[in-house]
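Asks: Structure provided below as structure tokens; questions to follow.
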Amino acid sequence: MSNFRVRLASMPPDRQRCTLKVLPRTLAETLQAERLHRLLADFDFIDAKVSALGVQPLIEDYDLAFNPDVLLSGEKAETLRLIQGALRLSAHVFDKDTTQLAGQFLGRLMSFKAPEIQAMLEQARQRKSNWLRPLTPNLISPDGRLLRTLIGHTDRVTAVAITPNGKQVVSASSDKTLKVWNFETGQELKTFTGHTDEVYEVTVTPDGKWKIASLANGTLKIWDLKTKEELFTLKDHTWSVNALAVTPDGKRLISGSGSVSDSWDTILKVWDLETKEELFTLKGHTDRINAVAVTPDSKRVISGSGSFFDLDDNTLKIWNLETGEEVVTLYGHHREVNAVVVTPDSKQVISGSSDNTLKIWNLETGEEVVTLYGHRDRVNAVAVTPDGKLAISGSSDNTLKVWNLETGEELFTFTGDAFSVEAVAVTPDGKRVISGSLDNTLKVWNLETAKEKDSCTFTGHSNEVITVAVTADGKRVISGS
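Taking the numbering used here, the leading residue of the sequence shown gets 11, the next gets one more, and so forth.
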């Protein structure tokens with residue numbers, strides 16, 4: 011038993027809680043860096059605080075050590091970052107069972123040779139109660155990019171959105187609920203129940219005030235994120251809404267629908283979010299609408315269509331959002347269009363298709379600029395770097411490819427996924443790519459070096475990863491599985 015545990019055991023219960031709560035802050039405020047470092051690397055202190063107060067207050071204690079005034083050396087600060095990272099990765103486990111602390115630490119930190127970490131793990135090994143002791147570092151380590159796991163849904167997560175301020179995460183699920191989470195703490199803030207069908211899509215308005223969800227029965231629901239109240243419902247679709255987009259000015263919502271078994275409601279609707287009125291119904295597609303993208307000036311919307319039934323509408327259409335008129339139809343893909351993205355300068359559209367190709371289109375003229383060949387299976391996802399110079403595509407051939415949008419040249423391929431790549435996102439600084447795969451992992455790739463060894467793999471999902479989102483600062487990624 012450590013000195014800390016002996017001293018703590020000698021205190022009455024209320025004094026114990028007070029000590030666990032205030033001691034780290036007291037040491038930080040009095041600039042006792044060495045004592046703070048020893049405390050935060052003491053397994054007995056960590057175990058006692060998690061058991062008494064929960065994991066989040068402890069995670070926040072480590073931030074005190076990173077204050078420049080505390081003046082911890084680089085190696086000691088890095089040691090505490092690893093311990094904090096392990097706590098954050100395991101937070102969803104501790105929320106249900108605090109007795110798993112020792113096993114989680116060993117599984118995540120055993121490979122790190124820092125003396126303080128090894129001493130802390132030796133403390134963990136001395137636990138007298140029955141517990142499962144990992145013999146190898148078999149859990150995700152805290153030197154990767156995964157920060158936290160949010161659990162609570164009882165069926166697959168179908169969509170994830172982040173509020174513009176980066177403080178909340180909204181998730182949609184086949185369990186017929188939406189959940190709002192505190193992004194920093196992982197706390198579930200609200201569950202929206204009462205839906206009668208699966209929730210397919212979710213998006214947040216640019217001002218962060220509303221979230222909009224689509225249900226499998228074609229219903230759209232709009233919620234106030236602050237009050238958590240349902241504001242209104244839009245019900246004019248007769249089939250599932252498969253694609254949602256809000257214009258960058260936040261004034262209009264575009265929804266695309268359709269069923270693989272019926273071509274009757276293969277339409278887009280444009281809604282005025284202020285008046286709740288349907289402005290236009292955009293008709294012209296004859297197959298399911300799979301993807302929607304809006305130009306940065308909020309004046310045009312591009313839709314992509316098609317299905318595995320091959321109903322011959324494997325097209326993109328460009329629509330005028332001010333008049334509701336179809337501007338042009340883009341023909342060229344031989345299978346369904348699965349992904350559509352607009353370049354930041356509004357000059358080009360990139361589409362990905364089940365015909366294994368990407369196409370770059372001139373947004374002004376509707377002309378096909380170039381077809382990008384290289385994938386050996388369907389293209390499921392496309393993203394563009396913020397500078398508009400590169401496109402990244404994810405495919406069912408288990409690869410990502412990076413393309414030069416000026417020349418149409420394939421620059422390099424990232425391999426390593428064991429199954430189909432279903433989702434792709436680029437960080438706002440344009441330096442990293444995140445991919446989600448059917449092998450239940452996320453991978454982060456370095457776009458600057460194009461070396462697979464510079465990537466890191468996020469494991470931990472127990473089912474396929476079907477959606478990915480990146481925070482506005484490019485520092486974090488959220489995946490739904």
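Glycine included, each C-beta is placed from N, C-alpha and C at the ideal position. Remember, it's a predicted structure, so these values are computed and weren't measured experimentally.
Taking residue 298 as part of the beta strand (DSSP E), name the residues at either end of that continuous run.
Replies: First-last for residue 298: undefined, no H or E at that position.
Asks: Run through DSSP, which three-state label would residue 414 get?
Replies: DSSP places residue 414 in strand when its eight states are reduced to three.
Asks: Quick check: the stretch 61 to 71 against the stretch 119 to 128, are there 3 or more CB pairs under 8 Å?
Replies: Not touching, per the Cβ criterion.
Asks: Run through DSSP, which three-state label would residue 140 get?
Replies: Reduced to three states, the DSSP call for residue 140 is coil.
Asks: Determine the burial state of residue 148: buried for a count of at least 16 other Cβ atoms within 10 Å of its Cβ, exposed for fewer.
Replies: Looking at its Cβ environment, which holds fewer than 16 other Cβ atoms inside 10 Å, residue 148 is exposed.
Asks: Just how far apart, CA to CA, sit residue 308 and residue 257?
Replies: Rounded to whole angstroms, residue 308 to residue 257 spans 5 Å at the Cα level.
Asks: With a Cβ-Cβ cutoff of 8 Å, do residue 281 and residue 244 count as a contact?
Replies: Contact: yes.
Asks: Could you pull the start and end residues of the beta strand (DSSP E) that residue 492 belongs to?
Replies: There is no way to answer for residue 492, as the model of the chain reaches only from 11 to 491.
Asks: My assumption, with CB atoms under 8 Å, is that residue 402 sits in contact with residue 412. Please give the rounded CB distance.
Replies: Yes, they are in contact, since the Cβ atoms of residue 402 and residue 412 sit about 5 Å apart, within 8 Å.
Asks: Using three-state DSSP, classify residue 13 as helix, strand or coil.
Replies: Helix.
Asks: Would the stretch 182 to 189 and the stretch 235 to 254 be scored as touching if the rule is three or more Cβ pairs under 8 Å?
Replies: No, the stretch 182 to 189 does not touch the stretch 235 to 254.
Asks: Can you list, in chain order, the residues of its chain whose CB lies under 6 Å from that of residue 352, leaving out five sequence neighbours each side?
Replies: Around residue 352: 303, 305 and 359.
Asks: Which runs of the alpha helix (DSSP H), 4 residues or longer, sit entirely within the stretch 81 to 146?
Replies: Counting only runs of 4 or more, we get 84 to 99, 101 to 104, 111 to 119 and 125 to 135.
Asks: Which residue from 75, 285 and 61 puts its Cα closest to that of residue 51?
Replies: Among 75, 285 and 61, the Cα nearest to that of residue 51 belongs to 75.
Asks: Using DSSP's beta-bridge definition, name the partner residues of residue 358.
Replies: Looking at the DSSP assignment, residue 358 forms a beta bridge with 372.
Asks: Buried or exposed: residue 101, going by 16 or more other Cβ atoms within 10 Å of its Cβ?
Replies: It is buried - the Cβ of residue 101 has at least 16 other Cβ atoms within 10 Å.
Asks: How would you label residue 425, buried or exposed, when you count the other beta carbons within 10 angstroms and need 16 or more for buried?
Replies: Flag for residue 425 reads exposed.
Asks: Should residue 234 be labelled buried (16 or more other beta-carbon atoms within 10 Å of its own) or exposed?
Replies: Residue 234 should be labelled exposed.
Asks: Among the candidates 135, 115, 32 and 85, whose CA atom is the shortest distance from the CA of residue 97?
Replies: The shortest Cα separation from residue 97 among 135, 115, 32 and 85 belongs to 115.
Asks: Out of curiosity, what's the CA-to-CA distance linking residue 240 and residue 42?
Replies: Rounded to whole angstroms, residue 240 to residue 42 spans 50 Å at the Cα level.
Asks: Quick check on the burial criterion: 16 or more other C-beta atoms within 10 angstroms. Buried or exposed for residue 135?
Replies: Burial call: exposed.
Asks: Give the range of the alpha helix (DSSP H) segment to which residue 328 is assigned.
Replies: Residue 328 -> not in any alpha helix (DSSP H); beta strand (DSSP E) instead, spanning 326 to 330.
Asks: Is the beta carbon of residue 198 closer than 8 Å to that of residue 246?
Replies: No, they are not a contact pair.
Asks: Excluding the 5 residues preceding and the 5 following residue 19 in the sequence, name in chain order all residues of the same chain whose CB lies nearer than 6 Å to its CB.
Replies: Excluding residues within five positions, none has a Cβ falling inside 6 Å.
Asks: In three-state terms, what does DSSP make of residue 544?
Replies: The displayed coordinates of the chain run from 11 to 491. Any statement about residue 544 would go beyond what the structure contains.
Asks: Report all residues from its chain with a CB closer than 7 Å to the CB of residue 71; omit the five preceding and five following residues, and keep chain order.
Replies: Contacts found: 34 and 50.
Asks: Any idea if residue 171 is buried or exposed, counting beta-carbon neighbours within 10 angstroms, 16 or more meaning buried?
Replies: Counting Cβ neighbours within 10 Å, residue 171 comes out buried, since at least 16 surround it.
Asks: By the three-class DSSP mapping on this structure, what secondary structure does residue 61 have?
Replies: In this structure, residue 61 counts as helix in the three-state DSSP scheme.
Asks: Compute the distance between the beta-carbons of residue 295 and residue 324, then report whether it is under 8 Å.
Replies: No, the pair does not count as a contact, with Cβ atoms beyond the cut-off.
Asks: Excluding sequence positions up to five away, which residues of its chain have a Cβ less than 8 Å from the Cβ of residue 2?
Replies: Look at the range of the chain in this structure, 11 to 491, and you will see that residue 2 is not part of it.
Asks: On the criterion of 16 or more Cβ atoms from any shown chain inside 10 Å, does residue 332 qualify as buried, or is it exposed?
Replies: The residue is exposed, with fewer than 16 neighbouring Cβ atoms inside 10 Å.
Asks: Using DSSP's beta-bridge definition, name the partner residues of residue 254.
Replies: Per DSSP, 265.
Asks: Just to confirm my understanding: we take residue 117, look at its own chain, exclude 5 residues before and 5 after, and list those with CB closer than 7 Å. What are they?
Replies: So the qualifying residues of the chain are 144, 147, 148 and 149.
Asks: For the beta strand (DSSP E) that contains residue 432, what are its first and last residues?
Replies: It spans 431 to 436 - the beta strand (DSSP E) in which residue 432 sits, taken as one unbroken run.
Asks: Closest to residue 175 by CA distance: which of 212, 194 and 169 is it?
Replies: Checking every option, the nearest Cα to that of residue 175 belongs to 194.
Asks: Just to confirm my understanding: we take residue 27, look at its own chain, exclude 5 residues before and 5 after, and list those with CB closer than 8 Å. What are they?
Replies: Hits under 8 Å: 62 and 63.
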